[in-house]
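One structure is given below, encoded as structure tokens.
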Amino acid sequence: VQLQASGGGLVQPGGSLRLSCAPSRSIFNLNAMGWYRQAPGAQRELVATLTTGGTSNYADSVKGRFTITRDNAKNTVNLQMNSLKPEDTAVYYCNAKTVFPARSYWGQGTLVTVSS
1147 VQLQASGGGL
1157 VQPGGSLRLS
1167 CAPSRSIFNL
1177 NAMGWYRQAP
1187 GAQRELVATL
1197 TTGGTSNYAD
1207 SVKGRFTITR
1217 DNAKNTVNLQ
1227 MNSLKPEDTA
1237 VYYCNAKTVF
1247 PARSYWGQGT
1257 LVTVSS
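This is the structure in structure tokens:
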């Protein structure tokens, strides 16, 4: 599965960005999709995930600010990021998981910079 991520950029604190991830197969053929991020010098961490059944999960640090959704018509999974903070600065990676076989796929990463 190939994942094409887009939507990163530079935004001021308090601003918004929307990330989009397009898989090379139907999102309904994937067990789950999500977003992870990696800040300089830090480990990659979970941001948000969404299962095919519609269950979402968020890191505590982004709850209430970020929303992960699925666009069935465009076959994309999106991450709406509001009230961005400088600590949200990181490379954001799209991820997809399959069950049979059990595999995890990664997109190329898109940089989000929150700075005044």
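Numbering (the working numbering), first residue to last: 1147 to 1262.
Glycine residues also receive a C-beta, built at the ideal position from the N, C-alpha and C atoms.
Residue i versus residue j - alpha carbon distance
i, j, result
"Ile1173", "Ala1242", "9 Å"
"Gln1170", "Thr1213", "Reading off the sequence shown, one finds Ser at residue 1170, where the question assumed Gln. If you take the alpha carbons of Ser1170 and Thr1213, they lie about 22 Å apart."
"Trp1181", "Leu1225", "8 Å"
"Ala1205", "Glu1191", "9 Å"
"Thr1215", "Gln1189", "25 Å"
"Cys1167", "Gln1148", "10 Å"
"Arg1164", "Val1223", "10 Å"
Contact set for residue i: own chain, Cβ-Cβ below 7 Å, skip 5 residues either direction
i, result
"Val1260", "Val1157, Pro1159, Leu1230, Lys1231, Pro1232, Asp1234, Thr1235"
Close Cβ partners of residue i (< 6 Å) along its chain, the five nearest in sequence each way excluded
i, result
"Asn1203", "Thr1195"
"Thr1256", "Ala1151, Gly1154, Tyr1238"
Under the three-state DSSP convention, the category residue i falls into
i, result
"Phe1174", "helix"
"Asp1234", "helix"
Run through the stretch 1188-1244 for me and flag every whole beta strand (DSSP E) of 3 or more residues, listed as ranges in chain order. 1191-1197, 1202-1204, 1212-1217, 1222-1227, 1236-1244
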